[in-house]
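Visitor: Protein chains in written order, with this note's numbering: chain A, -11 to 119; chain B, -11 to 119.
Number of protein chains: 2
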Amino acid sequence: MSRPEPIFVVHASSGVPIYRQLIDQVEALVAGGRLCPGDTLPSVRQVAVALGVNPMTVSKAWSRLEADGVLERDRGKGMVVATARDAGSLADRRAQVRPLVDQAVVRGLQLGLTPAQLLAVVKSSLEEKSP
Amino acid sequence: MSRPEPIFVVHASSGVPIYRQLIDQVEALVAGGRLCPGDTLPSVRQVAVALGVNPMTVSKAWSRLEADGVLERDRGKGMVVATARDAGSLADRRAQVRPLVDQAVVRGLQLGLTPAQLLAVVKSSLEEKSP
DNA sequence: CGATGTGTATCACTACACTCATACACATGG
DNA sequence: CCATGTGTATGAGTGTAGTGATACACATCG
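1. When the cut-off is 9 Å and only beta carbons count, does L29/A lie next to chain B?
2. Give the interface partners of G100/B over in chain A, defined as CB-CB distance under 7 Å, in chain order.
3. Beta carbons nearer than 7 Å to chain B: which residues of the region 106 to 118 of chain A have them?
4. Under 9 Å, Cβ to Cβ, is there at least one residue of chain B near Q9/A?
5. Which residues in chain B have a C-beta closer than 7 Å to the C-beta of V166/A? List them in chain order.
6. Per DSSP, E116/B is paired with what?
7. Is L53/B closer than 9 Å to M67/B when the C-beta atoms are compared?
8. V85/A versus chain B: which residues are under 8 Å apart at the beta carbon?
9. State the start and end residues of the unbroken beta strand (DSSP E) segment that holds G66/B.
10. Determine the direct distance from the alpha carbon of V(-3)/B to that of G3/A, and round the result to whole angstroms.
11. I need the straight-line Cα distance from G100/A to R81/B, nearest angstrom please.
12. Measuring straight from C-alpha to C-alpha, what distance separates E15/A and V58/A?
13. Identify the residues that DSSP records as bridge partners of R63/A: which are they?
14. Can you confirm whether the region 10 to 30 of chain B touches the region 103 to 110 of chain A when touching is taken to mean that 3 or more C-beta pairs between the two stretches lie within less than 8 Å?
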């Protein structure tokens, strides 16, 4: 473990289940290229201890990710980022954000915001969130 | 009750809670213009009997709709479709969309999309959703 | 083999969401 | 006032998702 491992952060009382927070973060790291095919994830117990959670909770998250084809299991070694990762194409990534974008757009229109006003909100958010 | 009342349909075992199915249907009827401001909804008990559900379940749905400003309560009469709701000042409405926008933006950035690409997705969504 | 590292099957517990039965408060019309 | 129409507060019952404690199976390395 010479190179820095990805660090996960969970908010226990955010209403979002821990295992789902982990799934989302791993998926985002993989899709964003910060985790590449062949990279091994920190072990279930490492993450569990780091987050103060039960190993089973982490295991559930990674089993789910394996079922979704994001990870592969190497017996005795750990979970490895799957090679079949062409799901990271630009079109695919756009398709992944689309539902969230749609949700925000629909809500904004329902509230009577004009497209221009909605775009302004998006730009404002981008300025705050993007480095 | 001379004119035909809206008929609701619920699928008990669809996995979607009954009260949410009702909420969605009322919202759709209002958005689609089949229920206009001033129209009264069938009573809690009428719907409950028609659907074979408990009145409280219907009541919960309509309380929620009232909280969302879709309906208004006329004591002794029933629930009435609210007049075109004023969602508040522009700033208020922007503040209301902001969390949803943030969520979409953060996810997009995690996926490695550039701000420009993200904006393109938003514009695409806007073209589809806005009339 | 035995020590140590993986992930996980199983079961129990908790918290919460959903639904319902009952009983109540308020408004209208005879 | 009384009958009948609204919606609803309260509490119980039920199912299920989320989490955790325990014990196990398999792989690697000395």
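Backbone N, C-alpha and C fix where the C-beta goes; we use that ideal spot for every residue, glycine too. Computed from a predicted model, the values in this text were never measured in an experiment.
Guide: According to the data block:
1. Output row for L29/A: interface = no.
2. Ordered by position in chain A, the residues that pass the 7 Å Cβ test against G100/B are A19, G20, G21, R81.
3. Listed by position, the residues of the region 106 to 118 of chain A near chain B (Cβ gap below 7 Å) are L106, L107, V109, V110, S113, L114, K117, S118.
4. Not one chain B Cβ lies under 9 Å of Q9/A.
5. Absent from the model: residue 166/A. The displayed extent of chain A is -11 to 119, so no value can be given.
6. Looking at the DSSP assignment, E116/B forms no beta bridge with any residue, so it has no partner.
7. Contact flag set, yes.
8. Within chain B, the residues near V85/A are A92, R95, G96, L99, L101, L106, V109.
9. From DSSP, the beta strand (DSSP E) with G66/B extends over 66 to 69.
10. Whole-angstrom Cα-Cα distance: 31 Å.
11. Distance between the alpha carbons of G100/A and R81/B: 8 Å.
12. Between E15/A and V58/A, the C-alpha separation is close to 7 Å.
13. As computed with DSSP, R63/A is found in no beta bridge at all.
14. Touching, no.
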